[in-house]
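All remarks here apply to the structure that follows.
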Amino acid sequence: MFVYTPMKRRTSLNTLVGAVSGALPPLIGWFGAGGALGVEAWFLFGLLFFWQLPHFVAINWMYRDQYERAGFKMWSNGDESGRRTATLSLVFSLCLAGLMVLPGVFGFVAIWAVGGTLLLSIWMVRLALRFLGERTRAAARRLFLYTLLYLPGVLGLLIFGRRA
19 MFVYTPMKRR
29 TSLNTLVGAV
39 SGALPPLIGW
49 FGAGGALGVE
59 AWFLFGLLFF
69 WQLPHFVAIN
79 WMYRDQYERA
89 GFKMWSNGDE
99 SGRRTATLSL
109 VFSLCLAGLM
119 VLPGVFGFVA
129 IWAVGGTLLL
139 SIWMVRLALR
149 FLGERTRAAA
159 RRLFLYTLLY
169 LPGVLGLLIF
179 GRRA
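Here's what the structure looks like:
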């Protein structure tokens with residue numbers, strides 16, 4: 019909070035710092051429950067970190083004028099065409115899709131669950147591509163709304179596909 023809040027008025031990197039703080043709770047909970055910070059814990063950190071970025075980029079685009087008026091330095095500032103902002107949503111969605119391979123590689127969920135998470139991720143990439151192509155508030159909103167369904171969908175697949 020002491021770093022993130024002042025950064026909002028200084029640099030657009032505030033979004034990355036905010037994503038780190040938003041992704042820490044699974045690590046804290048995992049460690050607090052007595053677990054070693056193994057690959058599963060770091061995977062959850064990565065999932066929340068990369069999920070927040072396309073989620074927030076879409077919000078940022080929809081309300082870019084308000085962020086700018088408030089004096090916040092955001093990725094959408096000065097991006098009149100939306101190309102940079104939409105490209106970031108695509109890059110972060112691709113990172114998230116790549117991350118979904120790890121539960122299968124490390125064997126902590128069943129392969130059908132990995133397939134499900136990949137399908138959900140491919141749909142997010144599709145929506146990010148659509149946002150890049152259209153660069154409209156409606157396309158950003160579709161991406162944003164999908165992110166609200168994506169995270170519980172992925173977490174559900176990971177829970178039900180968990181290997182003991």
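Take the position in the sequence shown, starting the count at 1, then add 18; the result is the number in the numbering used here.
Backbone N, C-alpha and C fix where the C-beta goes; we use that ideal spot for every residue, glycine too.
Everything numeric in this text was worked out from a predicted model, so none of it was measured.
Is residue 21 helix, strand or coil by DSSP?
-> Here residue 21 refers to the residue found at position 3 when the sequence shown is read from its first residue. Three-state result, residue 21: coil.
Nearest candidate by alpha-carbon position, reference residue 130, set 158, 107, 178 | Within the sequence shown, residue 130 is the residue found at index 112, counting from 1. With distances taken between Cα atoms, residue 130 lies closest to 178.
Looking at the unbroken alpha helix (DSSP H) that takes in residue 141, where does it start and where does it end?
-> For the purposes of this step, residue 141 is taken as residue 123 along the sequence shown, with counting starting at 1. Taken as a continuous stretch (DSSP letters only), the alpha helix (DSSP H) holding residue 141 covers 129-152.
Measure the C-alpha to C-alpha separation of residue 29 and residue 99 and round it to an integer number of angstroms.
-> Residue mapping note: residue 29 aligns to position 11 of the sequence shown, counting from 1. Residue mapping note: residue 99 aligns to position 81 of the sequence shown, counting from 1. Going by the C-alpha atoms only, they are around 20 Å apart.
Proximity winner among 115, 76, 127, relative to residue 107 (alpha-carbon distances) = Position 89 of the sequence shown holds residue 107. Comparing Cα-Cα distances from residue 107 to each of 115, 76, 127, the minimum goes to 76.
So the alpha helix (DSSP H) residue 47 belongs to, where does it begin and stop?
-> Sequence index remark: in the sequence shown, residue 47 carries index 29 (1-based). Residues 32-50.
Where does residue 180 sit, in a helix, a strand or coil, going by DSSP?
-> The sequence position of residue 180 within the sequence shown is 162, counting from 1. Note: residue 180 maps to strand in three-state DSSP.
Mind checking residue 72: buried by the 16 CB within 10 Å criterion, or exposed?
-> Looking up residue 72 in the sequence shown gives position 54. By the C-beta density criterion, residue 72 is buried, having at least 16 other C-beta atoms within 10 angstroms.
Exposed unless 16 or more other CB atoms sit within 10 angstroms - verdict on residue 124 | Walking along the sequence shown from the start, residue 124 turns up at place 106. Classification of residue 124: exposed, given that the 10 Å Cβ count is below 16.
Reduced DSSP category for residue 119 - H, G, I as helix; E, B as strand; rest coil = Within the sequence shown, residue 119 is the residue found at index 101, counting from 1. It is coil, neither helix nor strand.
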